[in-house]
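**Student:**
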Amino acid sequence: MTPTAGKTATLFTDKPLELDGGAVLSPVTVGYETYGTLNDAGTNAVLICHALTGDQYVASTHPITGKPGWWERLVGPGKLIDTDRYFVVCSNVLGSCLGTTGPWQDNPETGKPWGTSFPVITVRDMVRVQAGLVAHLGIDKLMMIIGGSMGGMQVQEWLTTYPEKLHSAVMLATAPRHTAQNIAFHEVGRQAIMADPDWRDGRYYDHDVKPAKGLSVARMTAHITYLSEDALTAKFGRNLQNREEVTFGFEADFQVESYLRHQGSSFVDRFDANSYLYITRAMDYLDIAARHGGRLADAFKAAAHVRCCVISFTSDWLYPTVENKSIVHALNAAGVPVSFAEIESPFGHDAFLLDVPEMDHMLTGFVKAAAKTNGLTVSEQEADDA
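If you're matching positions, the sequence shown starts at 1 in UniProt numbering and goes up one per residue.
(1) Between T321 and S312, which are expected to be in contact by the criterion C-beta below 8 angstroms, what is the C-beta distance as a whole number of angstroms?
(2) For E251, which three-state DSSP category applies?
(3) Tell me which same chain residues have a C-beta within less than 8 angstroms of the C-beta of M143, skipping the five on either side of it?
(4) Nearest to D84 by CA position, among L38, T10, G111, is which residue?
(5) Just to confirm the assignment, what range does the alpha helix (DSSP H) spanning K210 have?
(6) Leaving aside the five residues before and after K213 along the sequence, list all residues of the same chain whose C-beta is less than 7 angstroms from its C-beta, in chain order.
(7) Are the CB atoms of G36 and T116 within a distance shorter than 8 angstroms?
(8) By how many angstroms is the C-alpha of L133 removed from the C-alpha of D140?
(9) Would DSSP call E109 helix, strand or coil?
(10) Taking the beta strand (DSSP E) that K7 falls in, what are its first and last residues?
(11) Please report how far the alpha carbon of T179 lies from the alpha carbon of F12, in whole angstroms.
(12) Quick check on G22: does DSSP put it in helix, strand or coil?
(13) Under 8 angstroms, do F267 and S216 count as touching if we go by C-beta distance?
(14) Measure the C-alpha to C-alpha separation of V356 and L172 and round it to an integer number of angstroms.
(15) What three-state label does DSSP hand G147 in the structure shown?
(16) Taking only three categories from DSSP, how would you classify Y285?
(17) Would you decide whether V129 is buried or exposed? Buried here means 16 or more other CB atoms lie within 10 Å of its CB.
(18) Following the continuous beta strand (DSSP E) through V28, name the residue where it begins and the one where it ends.
(19) Return the chain-ordered ranges of every alpha helix (DSSP H) run that is complete within the segment 309-381 and spans a minimum of 4 residues.
(20) Could you check the C-alpha separation between A297 and Q181 for me, to the nearest Å?
(21) Have a look at C90, V338, P16 and flag the residue whose alpha-carbon is nearest the alpha-carbon of residue 389.
(22) Would you decide whether V367 is buried or exposed? Buried here means 16 or more other CB atoms lie within 10 Å of its CB.
(23) Quick one, which of D125, V310, D284 has its alpha-carbon nearest H186's?
(24) Would you mind working out which of C49, W158, P27, E157 sits nearest P108, comparing C-alpha positions?
(25) With 16 other CB atoms within 10 Å as the buried threshold, where does T10 fall?
(26) By how many angstroms is the C-alpha of W70 removed from the C-alpha of G294?
(27) How many angstroms separate the CA atom of V328 from the CA atom of F340?
(28) State the DSSP-derived secondary structure class of A45, mapped to helix, strand or coil.
(29) Going by DSSP in three states, G132 sits in which element: helix, strand or coil?
(30) At the level of alpha carbons, what is the spacing between D272 and C97?
(31) Using only the alpha-carbon positions, how far apart do K301 and A252 sit?
(32) Look at the alpha carbon of residue 392 and the alpha carbon of T364, and state the distance between them as a whole number of angstroms.
(33) Between T65 and R261, which are expected to be in contact by the criterion C-beta below 8 angstroms, what is the C-beta distance as a whole number of angstroms?
(34) If I'm right that A282 touches A289 with Cβ under 8 angstroms, what's the distance once you round it to whole angstroms?
(35) Could you check what DSSP says for D82 in three-state terms: helix, strand or coil?
(36) Taking the CB atoms as reference points, tell me whether L277 and C308 lie closer together than 8 angstroms.
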């Protein structure tokens, strides 16, 4: 992989980034995108945190796939997160492969790609890099931070590590740590990648190959967890793919098979296999409560001034409502003001990325209230709507 078009910043040149695992990195490059303009008071900054296979192209065309930004429905001029009013920042996480330091990048000591000699990272390490970028951009305090899935995990780490830099926070379809089942699904994906002969112990860059088959299977496995049984049944059922009868073979007889194969094959064109290993491992290691004597509430005590919002979805079996509620209960116990909603949706975990009017309605009210309480002026119409 090579850095893609877009903004990049070089951080941690004077003082190395100290990782949770004990290693250090210097320098660290960060790929990021911004939308809108930071106001003179610095009170309109919004940080959006992406999920596992997401990227910084939240509201702009992806440079590899040519597809619209992954949250372009909500982010842009006049939209829910209005880039005419807010300065929106989204960065590629540490360990990923679209401009930010990761296993694909050259190790400055050897001049060759890190591969699996890259140090293992955590979600908190990702957040340390984000905090460095926020400071680099001249932002002292974020009006709001928002993220779904792994993005929501990053938001939790911000609440525990940099609460003084936050005014409000939104967590969507997330969890405070991985269950055994979550870890198990990730391990299947990692083993698929490492079993591919082209993985070459993580040194495939040196051989001008990539473990495409293994990464494709990893993506297919994960993608199943992002959907619900009802969504799969409604979309595909047992419908056959471009044929009238089954072939009695192992081609993609069923539409759902063809769909998953497409998801897998298209993924390998835009993502690095080693990055997938490192990021899934970081998610598995997340356990904020463990750092605070086993009590998640203790982790959030310093964030009592931060207005929070948590949203879950009824058909999300990857990070079900019970996991999201555990965050809400901890925030309440820590005295953090929090709004919560479980939204009816058939779309599974991916609901936070899709058109769900109830989510939009709740986020609209929360964003407007956050802007107002953070000192942003609003028009009379906006005030009436709020």
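In this text, a Cβ means the ideal position worked out from N, Cα and C, and glycines have one as well.
Only a predicted model underlies this, so the values are computations on that prediction, with no experimental measurement involved.
**Tutor:** Answer, in terms of the structure:
(1) 4 angstroms between Cβ atoms; contact.
(2) DSSP places E251 in coil when its eight states are reduced to three.
(3) Take M143, set aside five residues on each side of it, and the residues of its chain with a beta-carbon closer than 8 angstroms to its own are T43, N44, A45, V46, Y86, H167, S168, A370, A371, N374, L376, in chain order.
(4) L38
(5) First-last for K210: undefined, no H or E at that position.
(6) Correct list, in chain order: D196.
(7) no
(8) 11 angstroms
(9) coil
(10) 7-11
(11) 33 angstroms
(12) Per DSSP, reduced to three states, the secondary structure at G22 is coil, with no helix or strand assignment.
(13) yes
(14) Cα to Cα, V356 sits roughly 12 angstroms from L172.
(15) Note: G147 maps to strand in three-state DSSP.
(16) helix
(17) buried
(18) 28-35
(19) 321-333, 357-373
(20) 24 angstroms
(21) The chain is shown only over 1 to 386; residue 389 falls outside these bounds and no answer can be derived.
(22) buried
(23) Among D125, V310, D284, the Cα nearest to that of H186 belongs to D284.
(24) P27
(25) So T10 ends up on the exposed side.
(26) Cα to Cα, the separation comes out at about 35 angstroms.
(27) 7 angstroms
(28) Taken through DSSP and simplified to helix, strand or coil, A45 comes out as strand.
(29) helix
(30) About 6 angstroms.
(31) 52 angstroms
(32) Since the displayed the chain opens at 1 and closes at 386, residue 392 lies outside it and no answer follows.
(33) Incorrect: roughly 17 angstroms between the Cβ atoms, too far for contact.
(34) In fact, because the Cβ distance is near 17 angstroms, the residues do not count as touching under 8 angstroms.
(35) strand
(36) In this structure, C308 does not lie closer than 8 angstroms to L277 by Cβ.
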